[in-house]
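Visitor: Below is one structure. I have some questions about it.
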Amino acid sequence: MKTLLNTFAMLVIVLLAVPAYASGGGRVKGTFKFYNRLIHYCPSITESRNCSGSNYNENAHNSYLPVSDMEFDMRVNGVKVATFSTDVSGDYDFNWYYPYSGTPTSAVIEGFMKHKDGRFQVLKQDGSTHRIYTTFSAYYDYVNGGEATGYAQNLGTRYWGTIPRLITYGAAWRTWYYAFKYAGSLLNDFDGLELWVGASSGSGSYSENNFRITIPAWCYAAARMTLRA
């Protein structure tokens with residue numbers, strides 16, 4: 030009996046010594062940027078052109094630019110705990126919630142080259158998604174139904190290097206944001222465009238054989254109606 034009581038006492042001590050968390054959550058903020066090598070900029074620096082009104086100048090080439098308006102997920106221990114998006118400047122600030130018990134480790138933020146409103150997405154050459162991600166250790170701001178303090182875990186700026194599909198996303202975003210804004214129907218209604226890119230590393234330039242655009246069905250139908258008119 031004494032041995033049984035001693036064993037029970039040791040078990041209680043062990044259980045109390047192990048940190049056990051119930052459901053909880055937190056807040057994360059930061060900035061995402063990518064290294065841009067997209068050509069066809071206005072060469073005001075090397076050729077002294079007047080680039081007044083240009084939305085893409087030479088100083089934006091071979092430099093880090095924001096990952097703008099991209100949709101991301103956050104996962105904790107493999108469980109999706111939040112969906113969020115960056116803004117035009119590549120900044121994000123969101124709350125997350127983990128509904129299970131356990132320590133909030135193995136956190137990952139991942140994006141699939143998709144515009145936050147579904148306007149366009151950059152895919153691999155076979156039409157599958159291309160994942161970009163960053164890993165970190167997440168911290169609870171509140172546990173066991175406690176009240177959130179509003180503390181934000183600041184991840185700072187995450188820089189991605191030369192990734193052709195990410196550069197393609199930047200080019201597509203620039204086209205949608207700067208060119209389509211002058212045509213309300215395109216800016217507001219255009220969605221579902223797919224850009225299939227074969228290259229995944231290298232200088233950021235591609236062969237035409239490794240690039241494909243899939244036009245949304247509504248856009249194709251509208252084009253046919255226009256041709257018939």
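Mapping to our numbering: the sequence shown position 54 is 83, numbers consecutive.
We put the CB at the ideal spot given by N, CA and C, even for glycine.
So, under 8 Å CB-CB, Val-96 and Lys-62 are touching, yes? Tell me the CB distance rounded to an integer number of Å.
Guide: That belief holds up - the Cβ atoms of Val-96 and Lys-62 are roughly 6 Å apart, short of 8 Å.
Visitor: Which residue marks the beginning of the beta strand (DSSP E) containing Ala-111, and which one marks its end?
Guide: Its beta strand (DSSP E) spans residues 108-114.
Visitor: Just checking, does the region 104-111 make contact with the region 70-78 on the three C-beta pairs under 8 Å criterion?
Guide: No: the two stretches stay apart, fewer than three of their Cβ pairs being nearer than 8 Å.
Visitor: Measuring only the C-alpha atoms, how far is Asn-183 from Thr-60?
Guide: Roughly 9 Å between the two C-alpha positions.
Visitor: Find the nearest neighbour of Gly-179 within the set Asp-170, Arg-187, Gly-185, Thr-186, judged by alpha-carbon distance.
Guide: Cα-wise, what sits closest to Gly-179 is Asp-170.
Visitor: Enumerate in chain order the residues of its own chain whose CB-to-CB distance from Arg-160 is below 7 Å, with the five nearest sequence positions on each side excluded.
Guide: Taken in chain order, the residues that qualify are Glu-139, Phe-141.
Visitor: Cβ atoms of Tyr-127 and Gly-199: under 9 Å apart, would you say?
Guide: In this structure, Tyr-127 does not lie closer than 9 Å to Gly-199 by Cβ.
Visitor: Mind checking Ile-68: buried by the 16 CB within 10 Å criterion, or exposed?
Guide: The residue in question, Ile-68, is exposed, as its Cβ has fewer than 16 Cβ neighbours within 10 Å.
Visitor: Taking Ile-192 as the reference, give the member of Lys-153, Leu-222, Ser-130 with the closest Cα.
Guide: Nearest C-alpha to Ile-192: Lys-153.
Visitor: In terms of alpha-carbon separation, which member of Val-172, Arg-66, Tyr-206, Gly-227 lies closest to Ser-118?
Guide: The shortest Cα separation from Ser-118 among Val-172, Arg-66, Tyr-206, Gly-227 belongs to Tyr-206.
Visitor: Considering just the uninterrupted stretch of the beta strand (DSSP E) at Pro-72, what are its terminal residues?
Guide: Premise fails: Pro-72 is in no beta strand (DSSP E) and is neither H nor E.
Visitor: Can you tell me whether Asn-65 is buried or exposed, with buried defined as 16 or more other CB within 10 angstroms of its CB?
Guide: Asn-65 comes out buried.
Visitor: With DSSP as the reference, label Ile-161 as helix, strand or coil.
Guide: Correct three-state label for Ile-161: strand.
Visitor: Which one of Phe-123, Tyr-168, Thr-197, Phe-165 has the shortest CA to CA distance from Leu-94?
Guide: Closest option to Leu-94, Cα to Cα, is Thr-197.
Visitor: Grouping DSSP H, G and I as helix and E and B as strand, with all else coil, what is Arg-148?
Guide: In the structure shown, Arg-148 sits in coil (DSSP, three-state: anything other than H, G, I, E or B).
Visitor: Please list the terminal residues of the continuous alpha helix (DSSP H) segment that includes Trp-125.
Guide: Trp-125 -> not in any alpha helix (DSSP H); beta strand (DSSP E) instead, spanning 120-127.
Visitor: What residue from Lys-143, Asn-91, Glu-176, Glu-87 has the CA that sits closest to Thr-112's CA?
Guide: Of Lys-143, Asn-91, Glu-176, Glu-87, the residue nearest in Cα terms is Lys-143.
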